[in-house]
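Before any comments, here is the structure.
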């Protein structure tokens, strides 16, 4: 029964597509292009950029145009009595129509640093959104990587089930031949048939697991993969870094810490802007106004005093809060409390990262050791199966030992596939914990 390995390989090769294989990096590129959560993060960054533009606009002069038209029921007149005559005199002072067009220019001379601080706060908020997008990318890399590895493990389990199926089929053929030759009881043939049916069921479950894990991977990516392309397994296992090195890398590379640092910076600038509300603000204003018609019903007059249809004015405005019921100081107090909360949250995130790094390093070490141990078990189980098959053909070994050896090989290969997937997933979790997944993205 030495043909069971070539038969399993032939099954896999016969089902293998001719298209080029698909790597994890290609799947990550697809995820970056299609994942909805990244689009949400991109929208947050775009919104923060618009907030910067809005904050900078407060530092720029503003020019406004206004217009209005009023129609009165009669002309504007002044009536006063004429002394000694008993009569009155009426004088026209304005038209019954009034067209008013004006342009107002306002230039902020000083806001005591409020608007400049708000610009800095908006820039810090945008940097925080960028780090939030980086965190979303790192989380996406972890989810896609682990889903990718589950597909690879399911394929290994399918290959193991196919190998066990081929071995069970070959053993059944041998047992049938021995029963016909009178060298073995009929029970051997019946048990071999039952074992073959069980292996067929296991192969069906393995194939369905491959399909479902692939659907899970496509869900994480946000796009459908080419079914004609197989997935490429990663390279050989690498050594796990020490906890100290991993923690040092995490403190430098985790986007959460950088995002909280930017949140603290934003809070500092907003606090400065709130304190500026307690100081005076000075604005320069200028107005150019056109009003027509004048008293003589003229729509354009630039020469006659009192009848000109335009006016020019300018002024300087000072605004200084004297009493606001404590509103500005309460805002300063709110931001001060927010800053204390952000600092405490940053400390908590550092502790959580340390716990995550330690757990990831431990999981990676254990998974690597288990995978190496399970790999050696596969070789031993295959050798035991070879000896059992040879002994059964020679009549020195009962059929139960062959079936037990087949089960041992199938179990060993399944455990090897599971432990290898555990190592790949643990390694991906470790890369995520130290921020390496995001640095690879960049």
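In my numbering, the protein residues as written are 659 to 1100. Virtual Cβ for every residue (Gly too), placed ideally from N, Cα, C. All values reported here derive from a predicted model rather than from experimental measurement.
Exercise. When you compare each of 915, 974, 920, 965 to residue 940 by their alpha carbons, which one comes out closest?
Worked result: Stepping through the chain shown from its first residue, residue 940 is reached at position 282. Answer by Cα proximity: 974.
Exercise. Of the choices 761, 956, 1063, whose alpha-carbon is the least far from that of residue 971?
Worked result: The residue you call residue 971 lines up with position 313 of the chain shown. Considering only alpha carbons, the answer is 761.
Exercise. On the three-state DSSP scale, how would you describe residue 751?
Worked result: Mapped onto the chain shown, residue 751 falls at position 93. DSSP places residue 751 in strand when its eight states are reduced to three.
Problem set entry | Residue range of the unbroken alpha helix (DSSP H) whose run includes residue 780 | Here residue 780 is taken as the residue at index 122 of the chain shown, counted from 1. Element bounds for residue 780: 772 to 838.
Problem set entry | Residue closest to residue 1083, alpha-carbon to alpha-carbon, out of 756, 1059, 794, 1018 | In the chain shown, the residue the question calls residue 1083 occupies position 425. Considering only alpha carbons, the answer is 1018.
Exercise. What runs of the alpha helix (DSSP H), each 4 residues or longer, lie entirely inside the stretch 868 to 914?
Worked result: 901 to 911
Exercise. Name the DSSP beta bridge partners of residue 1107, please?
Worked result: It is not possible to answer for residue 1107, since the shown part of the chain is limited to 659 through 1100.
Exercise. Between which two residues does the alpha helix (DSSP H) containing residue 1017 stretch?
Worked result: Within the chain shown, residue 1017 is the residue found at index 359, counting from 1. Counting along the chain, the alpha helix (DSSP H) containing residue 1017 begins and ends at 985 to 1052.
For this session: Mind reading off the beta-carbon distance from residue 830 to residue 851? Whole number of angstroms is fine, and I expect it under 8 Å.
Result: The count along the chain shown starts at 1 and reaches residue 830 at position 172. The count along the chain shown starts at 1 and reaches residue 851 at position 193. Contact holds; Cβ gap of about 6 Å.
For this session: From the DSSP output, read off the bridge partner residues of residue 710.
Result: Counted from its first residue, the chain shown places residue 710 at position 52. Beta-bridge pairing links residue 710 to no other residue.
Exercise. With respect to the alpha helix (DSSP H) encompassing residue 1071, which residues constitute its N-terminal and C-terminal limits?
Worked result: Position 413 of the chain shown holds residue 1071. Where residue 1071 is concerned, the enclosing alpha helix (DSSP H) stretches over 1057 to 1092.
Exercise. Can you give the beta carbon distance from residue 927 to residue 782, rounded, assuming they're within the 8 Å contact cut?
Worked result: Sequence index remark: in the chain shown, residue 927 carries index 269 (1-based). Sequence index remark: in the chain shown, residue 782 carries index 124 (1-based). Indeed they touch by this definition, with Cβ atoms about 6 Å apart.
For this session: Confirm the yes/no value for this check: CB of residue 810, any heavy atom of the ligand FMN, distance under 7 Å.
Result: Inclusion of the ligand FMN in the displayed structure is not the case, the ligand content being empty and no account of it being possible.
For this session: Check whether the Cβ atoms of residue 848 and residue 827 sit closer than 8 Å, and answer yes or no.
Result: Translated into positions along the chain shown, residue 848 becomes position 190. Translated into positions along the chain shown, residue 827 becomes position 169. Contact: no.
For this session: Taking only the alpha-carbon atoms, compute the straight-line gap between residue 844 and residue 858 and give it to the nearest angstrom.
Result: For the purposes of this step, residue 844 is taken as the residue at position 186 of the chain shown. For the purposes of this step, residue 858 is taken as the residue at position 200 of the chain shown. Cα-Cα distance, rounded: 22 Å.
For this session: Taking the CB atoms as reference points, tell me whether residue 1046 and residue 1055 lie closer together than 8 Å.
Result: On the chain shown, residue 1046 is found 388 positions in, with the first residue counted as 1. On the chain shown, residue 1055 is found 397 positions in, with the first residue counted as 1. Going by C-beta atoms, residue 1046 is nearer than 8 Å to residue 1055.
Problem set entry | Sub-8 Å separation of residue 805 and residue 878 beta-carbons | Locating residue 805 in the chain shown gives position 147, where the first residue counts as 1. Locating residue 878 in the chain shown gives position 220, where the first residue counts as 1. In contact: residue 805 and residue 878 (Cβ atoms closer than 8 Å).
Exercise. CA-CA distance, residue 800 and residue 768?
Worked result: For the purposes of this step, residue 800 is taken as the residue at position 142 of the chain shown. For the purposes of this step, residue 768 is taken as the residue at position 110 of the chain shown. When rounded, the distance between both Cα atoms is 49 Å.
Exercise. Is it right to say residue 992 is buried, meaning 16 or more other beta carbons lie within 10 angstroms of its own, or is it exposed?
Worked result: Within the chain shown, residue 992 is the residue found at index 334, counting from 1. Residue 992 comes out exposed.
Exercise. What is the DSSP secondary structure of residue 693, reduced to helix, strand or coil?
Worked result: The residue you call residue 693 lines up with position 35 of the chain shown. It is coil, neither helix nor strand.
Exercise. Just the Cα atoms here: how many angstroms apart are residue 947 and residue 938?
Worked result: Position 289 of the chain shown, counted from the first residue, corresponds to residue 947. Position 280 of the chain shown, counted from the first residue, corresponds to residue 938. For residue 947 and residue 938, the distance between alpha carbons rounds to 29 Å.
Exercise. Using CA coordinates, which residue listed in 892, 695, 803 is at the minimum distance from residue 1086?
Worked result: Here the question's residue 1086 lines up with position 428 in the chain shown. It is 803 whose Cα lies nearest to the Cα of residue 1086.
Exercise. First and last residue of the beta strand (DSSP E) that includes residue 1138?
Worked result: What the structure shows of the chain is the stretch from 659 to 1100, and residue 1138 is not part of that stretch, so it cannot be assessed.
Exercise. Are there 16 or more other CB atoms within 10 angstroms of the CB of residue 900, so buried, or fewer, so exposed?
Worked result: As a first step, residue 900 must be located in the chain shown, where it is residue number 242. Classification for residue 900: exposed.
Exercise. Along the chain, where does the beta strand (DSSP E) that runs through residue 739 open and close?
Worked result: For the purposes of this step, residue 739 is taken as the residue at position 81 of the chain shown. Where residue 739 is concerned, the enclosing beta strand (DSSP E) stretches over 734 to 740.
Problem set entry | Per-residue DSSP class, three states only, for residue 758 | What you label residue 758 is simply residue 100 of the chain shown in a count that begins at 1. Here residue 758 sits in strand by DSSP.
For this session: Would you list the residues sitting across from residue 939 in a DSSP beta bridge?
Result: For this step, residue 939 is matched to residue 281 along the chain shown. For residue 939, which the question treats as bridged, DSSP gives the partners 977.
Problem set entry | Where residue 950 sits in the DSSP three-state scheme | Numbered from its first residue, the chain shown carries residue 950 at position 292. Three-state result, residue 950: strand.
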